[in-house]
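So the structure is just underneath, and the comments pick up after that.
Residue numbers (our numbering), protein chains in the order written: chain A, 6 to 318; chain B, 12 to 285.
Structural data, given as structure tokens:
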């Protein structure tokens with residue numbers, strides 16, 4: 006177990022190095038002088054020269070990459086062009102709302118989607134199954150900001166049950182914190198629930214057709230223990246994989262959700278950075294989220310080996 | 012015809028919807044629209060009426076015309092990204108599947124690219140270029156290529172194990188001919204299905220990019236742009252956001268239904284699994 010986890014952890018190092026190389030080279034593959042584009046149309050020559058130097062574009066690619074990598078390894082993601090703050094500091098200030106939103110969405114989606122998928126598979130072809138599949142198609146088709154606006158319009162503006170937008174830190178109480186997050190979590194969760202429910206149903210259908218399920222049924226076991234103990238455990242590997250891969254959707258969706266609900270998180274930071282073309286911030290956040298994504302999938306891989314010892318070989 | 016439609020409801024419903032939307036986008040100028048960029052400061056944020064079916068935005072532009080013309084942007088981006096990723100993904104996937112030396116390098120690079128969440132990758136690319144429809148297409152294509160390459164490589168590797176391919180190799184078929192005659196035709200079905208999903212997700216990504224200000228320039232009437240402009244007023248004038256949002260959702264739904272239908276029709280084995 007630990008040997009497998011260690012081996013798997015080591016294998017993420019090259020992936021992270023490639024991610025870092027990609028994120029770094031974006032500056033160089035863009036057509037034209039990125040400094041001029043970042044500076045905007047009204048910039049003076051000095052502005053462009055300043056940005057050129059602060060991005061390190063005046064030095065050779067490899068030298069600059071090595072320096073940058075060394076900085077990143079020490080936790081220094083560079084300095085914002087406009088705010089005169091380090092990117093790490095700016096991210097740190099905004100980590101709580103984003104982490105709350107993503108963690109709540111992750112837990113909520115799994116808790117809702119897995120039973121839905123199991124139910125749909127157990128009653129394959131019934132109206133429940135059709136309803137779940139219909140929801141899955143809709144979840145994939147309606148963009149997260151549309152879901153967000155509809156929810157906010159109905160539950161906040163018309164019914165006045167929940168706040169329209171904003172964020173309250175957890176330190177100011179659980180309910181104020183939660184009430185601000187319910188609608189964003191529902192909006193962000195829609196596509197994720199669709200994804201997980203669909204793969205749960207598919208994976209369960211495959212397992213339910215196998216002999217040992219028939220054996221379990223023949224020996225008189227009830228439907229619930231068969232579904233949730235025998236079948237779900239064996240169907241879990243693809244489900245866990247998709248939950249891990251789906252975190253990419255969650256990250257992209259968080260950027261949008263935070264804009265819709267005016268949540269001052271990392272997503273807002275990116276959006277503000279785009280409008281000002283604050284490239285070091287965009288680069289830093291992209292790199293951080295990518296590393297997070299790689300780490301999540303590392304954890305998922307190690308989880309598999311707990312769920313299914315055959316994979317360790 | 013009706014029996015065929017009943018057996019393939021996804022293709023029938025999705026295809027019909029998509030055809031209607033395509034037609035509307037092509038015929039936009041004659042569908043009772045006015046110039047989607049014409050300003051009328053005296054008639055700002057009017058609710059829907061007989062004169063302005065979907066109302067007017069904060070610059071007095073007719074939202075109905077903007078939504079109908081906006082469909083062109085979404086459809087062009089969706090189809091262009093689907094076509095480009097399929098072509099590039101096919102080339103990369105086949106090369107990786109056949110040239111062992113390249114396989115490791117290319118697939119590690121794809122792993123790295125895949126680790127960057129697609130929307131963030133597109134955002135980072137767009138921040139370095141000037142906003143235009145063409146740049147949006149390129150940015151989304153780069154973000155989607157790894158998925159297609161992986162799929163094609165997987166299909167190629169599994170095809171290479173099949174007896175008929177081994178027989179062709181044993182019979183002395185040269186590699187280019189083997190790829191052309193035996194491998195490519197069999198990648199088409201999964202590739203078409205994947206392309207339809209990529210088309211759907213590209214349309215959503217385009218709208219998201221425009222919505223957060225990293226997409227097509229504000230002068231272009233795209234669904235994302237209309238929503239971005241209506242954002243500040245959405246609590247008092249929800250109709251500005253509503254109509255482009257509905258148009259986008261219905262279009263993506265049509266493409267997804269078509270994709271699901273194609274998957275069920277082309278690959279019954281996959282259909283049972285998903």
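C-beta atoms are modelled at their ideal positions from N, C-alpha and C, and glycine is treated no differently.
**Request:** Leaving out five residues on either side along the sequence, give the residues of the same chain with a beta carbon under 8 angstroms from the beta carbon of residue 84 (chain A).
**Result:** Counting from 1 along the first chain, the entry for residue 84 (chain A) is found at position 79. These residues qualify, in order along the chain: 59, 90, 91, 92, 285.
Q: Please list the partners that residue 267 (chain B) has in chain A, where partner means a Cβ-to-Cβ separation under 8 angstroms.
A: What you label residue 267 (chain B) is simply residue 256 of the second chain in a count that begins at 1. Ordered by position in chain A, the residues that pass the 8 angstroms Cβ test against residue 267 (chain B) are 142, 145, 146.
request  = Under 8 angstroms between beta-carbons, which chain B residues line up against residue 39 (chain A)? List them in chain order, please.
outcome  = Numbered from 1 along the first chain, position 34 holds the residue referred to as residue 39 (chain A). Under the 8 angstroms cutoff, chain B gives 139.
Query raised in the report: Under the DSSP definition of a beta bridge, which residues are partnered with residue 291 (chain A)?
Result: Position 286 of the first chain holds residue 291 (chain A). Paired residues: none, contrary to the question.
Flag residue 285 (chain B) as yes if its beta-carbon sits less than 8 angstroms from any beta-carbon of chain A, otherwise no. Here the question's residue 285 (chain B) lines up with position 274 in the second chain. The pLDDT assigned to residue 285 (chain B) is 40, lower than 50, so where the model puts this residue is not dependable; a value taken from the coordinates is nonetheless given after this. It does; some Cβ of chain A falls within 8 angstroms.
task = Please report how far the alpha carbon of residue 14 (chain A) lies from the alpha carbon of residue 70 (chain A), in whole angstroms.
result = Taking the first residue of the first chain as 1, we reach residue 14 (chain A) at position 9. Taking the first residue of the first chain as 1, we reach residue 70 (chain A) at position 65. Rounded to the nearest angstrom, the gap between the Cα atoms of residue 14 (chain A) and residue 70 (chain A) is 24 angstroms.
For residue 167 (chain B) and residue 190 (chain B), what's the separation of their Cα atoms in angstroms? On the second chain, position 156 is the one that residue 167 (chain B) refers to. On the second chain, position 179 is the one that residue 190 (chain B) refers to. Distance between the alpha carbons of residue 167 (chain B) and residue 190 (chain B) is about 9 angstroms.
Compare the Cα-Cα distances from residue 210 (chain B) to each of B:26, B:38, B:86 and report the closest residue. To locate residue 210 (chain B), count along the second chain from 1; it is residue 199. When only C-alpha atoms are compared, the closest one is B:86.
Return the chain-ordered ranges of every alpha helix (DSSP H) run that is complete within the segment 175 to 247 of chain B and spans a minimum of 4 residues. Counting whole runs of 4 or more residues, the segment 175 to 247 of chain B contains the alpha helix (DSSP H) stretches 186 to 189, 195 to 222, 234 to 241.
Inset, instruction - Please report the Cβ distance between residue 201 (chain A) and residue 114 (chain A), rounded to the nearest whole angstrom; I am assuming they are in contact, meaning their Cβ atoms lie under 8 angstroms. - result: Indexing the first chain from 1 puts residue 201 (chain A) at position 196. Indexing the first chain from 1 puts residue 114 (chain A) at position 109. With a Cβ gap of about 6 angstroms, residue 201 (chain A) and residue 114 (chain A) count as contacting.
In whole angstroms, what separates the C-alpha of residue 171 (chain B) from that of residue 241 (chain A)?
Sequence index remark: in the second chain, residue 171 (chain B) carries index 160 (1-based). Sequence index remark: in the first chain, residue 241 (chain A) carries index 236 (1-based). Cα to Cα, the separation comes out at about 30 angstroms.
Name the two residues that bound the continuous alpha helix (DSSP H) containing residue 238 (chain A). Numbered from 1 along the first chain, position 233 holds the residue referred to as residue 238 (chain A). Where residue 238 (chain A) is concerned, the enclosing alpha helix (DSSP H) starts and stops at 237 to 250.
In the DSSP assignment, find the alpha helix (DSSP H) that holds residue 105 (chain B) and state where it starts and stops.
To locate residue 105 (chain B), count along the second chain from 1; it is residue 94. Residues 74 to 109.
Give me the chain B residues within the contact set of residue 288 (chain A), using Cβ-Cβ distance strictly less than 7 angstroms, ordered along the chain.
Locating residue 288 (chain A) in the first chain gives position 283, where the first residue counts as 1. Neighbours of residue 288 (chain A) in chain B, taken as residues at a C-beta separation under 7 angstroms, are given in chain order as 135.
Sufficient close CB pairs (3 or more, under 8 angstroms) joining the segment 215 to 229 of chain B to the segment 272 to 281 of chain A
Taking 8 angstroms as the limit for Cβ pairs, the verdict is that the segment 272 to 281 of chain A does touch the segment 215 to 229 of chain B.
Worksheet item: Excluding the five sequence neighbours on either side, which residues of its own chain have a C-beta within less than 6 angstroms of the C-beta of residue 305 (chain A), listed in chain order?
Response: One-based indexing of the first chain puts residue 305 (chain A) at position 300. Apart from the 5 residues on each side of it in sequence, residue 305 (chain A) sits with its Cβ closer than 6 angstroms to the Cβ of 245, 249 in its chain, given in chain order.
| message | I want to know whether the segment 135 to 150 of chain A touches the segment 222 to 240 of chain A - three or more CB-CB distances under 8 angstroms. | response | When Cβ pairs closer than 8 angstroms are counted between the two stretches, the segment 135 to 150 of chain A is seen not to touch the segment 222 to 240 of chain A, the count staying below three.
Between the CA atoms of residue 293 (chain A) and residue 86 (chain A) - distance to the nearest angstrom: Residue numbering aside, residue 86 (chain A) sits at position 81 when the first chain is read from its first letter. Residue numbering aside, residue 293 (chain A) sits at position 288 when the first chain is read from its first letter. If I take the Cα positions, the gap works out to 18 angstroms.
Should the segment 257 to 272 of chain B be called in touch with the segment 14 to 26 of chain B, which here means at least 3 C-beta pairs below 8 angstroms? In short, these stretches touch, since the Cβ pair count reaches three.
Return the CA-CA distance between residue 110 (chain A) and residue 143 (chain B), expressed in angstroms with no decimal places. Working through the first chain from its first residue, we reach residue 110 (chain A) at position 105. Working through the second chain from its first residue, we reach residue 143 (chain B) at position 132. So the alpha carbons of these two residues sit roughly 33 angstroms apart.
- Query: Would the segment 100 to 109 of chain B and the segment 252 to 271 of chain A be scored as touching if the rule is three or more Cβ pairs under 8 angstroms?
  - Reply: The segment 100 to 109 of chain B is not in contact with the segment 252 to 271 of chain A.
Helix, strand or coil at residue 91 (chain A) [DSSP, three-state] = As a working note, residue 91 (chain A) is residue 86 in the first chain. In this structure, residue 91 (chain A) counts as strand in the three-state DSSP scheme.
task: Say whether chain B places a C-beta atom closer than 8 angstroms to the C-beta of residue 295 (chain A).
output: On the first chain, position 290 is the one that residue 295 (chain A) refers to. Yes, residue 295 (chain A) lies at the interface with chain B (some Cβ there is under 8 angstroms from its Cβ).
CB contact below 8 angstroms: residue 17 (chain B) versus chain A:
Reading the second chain from its first residue, position 6 is the one you call residue 17 (chain B). No, no contact with chain A.
Point to revise | Alpha-carbon to alpha-carbon, residue 153 (chain A) and residue 170 (chain A) | key: The count along the first chain starts at 1 and reaches residue 170 (chain A) at position 165. The count along the first chain starts at 1 and reaches residue 153 (chain A) at position 148. Each residue's alpha carbon lies about 10 angstroms from the other.
* Could you tell me the distance, in whole angstroms, from the CA atom of residue 18 (chain B) to the CA atom of residue 264 (chain B)? => As a working mapping, residue 18 (chain B) is identified with position 7 in the second chain. As a working mapping, residue 264 (chain B) is identified with position 253 in the second chain. The alpha-carbon atoms of residue 18 (chain B) and residue 264 (chain B) are separated by roughly 19 angstroms.
- Between residue 26 (chain A) and residue 72 (chain A), what straight-line distance do the alpha-carbon atoms span, to the nearest angstrom? On the first chain, position 21 is the one that residue 26 (chain A) refers to. On the first chain, position 67 is the one that residue 72 (chain A) refers to. Looking at the two C-alpha atoms, the distance is approximately 12 angstroms.
(message) Restricting to Cα atoms, I'd like to know which of A:255, A:311, A:295 is closest to residue 105 (chain A).
(response) Position 100 of the first chain holds residue 105 (chain A). When only C-alpha atoms are compared, the closest one is A:255.
When the Cα atoms are used, what is the spatial distance from residue 124 (chain A) to residue 95 (chain A)?
Residue mapping note: residue 124 (chain A) aligns to position 119 of the first chain, counting from 1. Residue mapping note: residue 95 (chain A) aligns to position 90 of the first chain, counting from 1. Annotation: residue 124 (chain A) to residue 95 (chain A) spans about 44 angstroms, alpha carbon to alpha carbon.
In this structure, how does DSSP classify residue 48 (chain B) when only helix, strand and coil are distinguished? Position 37 of the second chain holds residue 48 (chain B). Of the three classes helix, strand and coil, the one that applies to residue 48 (chain B) here is coil, per DSSP.
- Query: So, is residue 115 (chain B) buried or exposed, given that buried needs 16 or more other C-beta atoms within 10 angstroms?
  - Reply: Taking the second chain and counting its residues from 1, one reaches residue 115 (chain B) at position 104. Counting Cβ neighbours within 10 Å, residue 115 (chain B) comes out exposed, since fewer than 16 surround it.
| Just to confirm, are residue 217 (chain B) and residue 79 (chain B) a CB contact at a threshold of 8 angstroms? | Against the second chain, residue 217 (chain B) aligns to sequence position 206. Against the second chain, residue 79 (chain B) aligns to sequence position 68. No, they are not a contact pair.
Hey, is residue 20 (chain A)'s beta-carbon within less than 8 angstroms of any beta-carbon in chain C? Among the protein chains in the structure shown, which are A and B, there is no chain C.
Q.
Could you check whether residue 97 (chain B) and residue 206 (chain B) sit closer than 8 angstroms to each other, using their CB atoms as the reference points?
A. Working through the second chain from its first residue, we reach residue 206 (chain B) at position 195. Working through the second chain from its first residue, we reach residue 97 (chain B) at position 86. Pairing residue 206 (chain B) with residue 97 (chain B) gives a Cβ-Cβ distance under 8 angstroms.
query: Which residues in the same chain as residue 162 (chain B) place their Cβ atom closer than 8 angstroms to its Cβ, once the five residues preceding and following it in sequence are excluded?
result: Residue numbering aside, residue 162 (chain B) sits at position 151 when the second chain is read from its first letter. If we look at residue 162 (chain B) and ignore the five residues flanking it on each side, its Cβ neighbours are 100, 104, 201, 202, 205.
Can you look up residue 173 (chain A) in the DSSP assignment and give me helix, strand or coil?
The residue labelled residue 173 (chain A) in the question sits at position 168 within the first chain. In the structure shown, residue 173 (chain A) sits in coil (DSSP, three-state: anything other than H, G, I, E or B).
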